[in-house]
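In the numbering used here, the protein residues as written are 7 to 228. Yeah, the Cβ is synthetic: ideal placement off N, Cα and C, and Gly gets one too. This report concerns only the one structure given below.
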Amino acid sequence: PPLIKAAVTVYFDNNLKIFENKSVFYDQIKASFPKIIYPENKFLKYPMGDVSFFASAFDKVIEINANAFSLSDFKYQDFKTYMQIIKNNIAVFNITYSIDKFNSFNLVYENSIILNKSIGERFNDYFTIDFNFKGDKEKTFLTTMGNFAFKVKDGLLSIEISPVLSVKNITEKYKFSITFLSAFSTSVNLEKLLDSISAGHEFIDDIFEKSLTENYLKTIRN
7 PPLIKAAVTV
17 YFDNNLKIFE
27 NKSVFYDQIK
37 ASFPKIIYPE
47 NKFLKYPMGD
57 VSFFASAFDK
67 VIEINANAFS
77 LSDFKYQDFK
87 TYMQIIKNNI
97 AVFNITYSID
107 KFNSFNLVYE
117 NSIILNKSIG
127 ERFNDYFTID
137 FNFKGDKEKT
147 FLTTMGNFAF
157 KVKDGLLSIE
167 ISPVLSVKNI
177 TEKYKFSITF
187 LSAFSTSVNL
197 EKLLDSISAG
207 HEFIDDIFEK
217 SLTENYLKTI
227 RN
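Dropping the structure here:
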């Protein structure tokens, strides 16, 4: 906690081999991802047939289409473990469809910051981000909702914060997502892609705890 989902999506040039035979890839990963789900395409005139492969416990999912590979983990342990799952499955995907060049990727960590009365009910009880808008009239800062983007080495670091309100419009929790987005100037091979994903995680790891107050961090460390 408070992480509820870690996900990486890598992009490459369109490859029709993926549409032609997805079972070849499934046969090689079904020991770990045996559950198949096809999304409903009833509203599409020409359904493209994207598919999701879930782990038995539905805590991990691989999604593939003609120009992207995605791996989401809803029961994240640590980055080393997650990265090994990424390496294993992208390597199989790479060999299966002869995809050895990648254009970009997104790495996102989605968190749910649940308010605890013992900590407080204000935004600043949970986040270290501070706002100071000029003016002479007294005002109390309540919350924020929006995106913050930072230029970092080899990519863009994006933070999204939005309050989740109760039926009485009282903040119950915050959606707090940190995303590293990388677009390579030229296509890269698998080794460079994996190195870049690890580098992107370092930026996410660097900002995560520093964005949260020590009082809140104490509650999730225990």
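- When secondary structure is reduced to three states using DSSP, ASP56 falls in the coil class, being assigned neither helix nor strand.
- Residue pairing from DSSP places TYR180 in a beta bridge opposite ILE119, PRO169.
- By the CB criterion at 8 Å, TYR115 and LEU9 fall inside the cutoff.
- Beyond the five residues adjoining it in sequence on each side, THR225 comes within less than 7 Å, by CB distance, of ASN122, ILE125 in the same chain, given in chain order.
- For ASN94, the enclosing alpha helix (DSSP H) stretches over residues 85–103.
- Taking the Cα of THR192 as reference, the smallest distance to any Cα among ASP106, GLU178, ARG227, LEU163 is reached at ASP106.
- VAL158 and PHE85 have their C-alpha atoms some 20 Å from each other.
- In this structure VAL14 is buried. Its beta-carbon is surrounded by 16 or more other beta-carbon atoms within 10 angstroms.
- Sorting SER78, THR87, LEU196 by C-alpha distance to the C-alpha of ALA97 places LEU196 at the top.
- In the DSSP secondary-structure assignment, LEU9 is bridged to ASN117.
- C-alpha of TYR32 to C-alpha of THR150: approximately 43 Å in a straight line.
- TYR44 is a Cβ neighbour of VAL57, given a cutoff of 8 Å.
- Counting only the Cα atoms, LYS143 lies some 46 Å from LYS81.
- Taking the Cβ atoms as the reference, THR146 lies roughly 28 Å from SER164, outside the contact range of under 8 Å.
- Of all alpha-carbon atoms in SER110, PHE39, ASN175, PRO169, the one lying nearest the alpha-carbon of ILE203 is that of SER110.
- Per DSSP, PHE64 lies in no alpha helix (DSSP H) segment and is marked neither H nor E.
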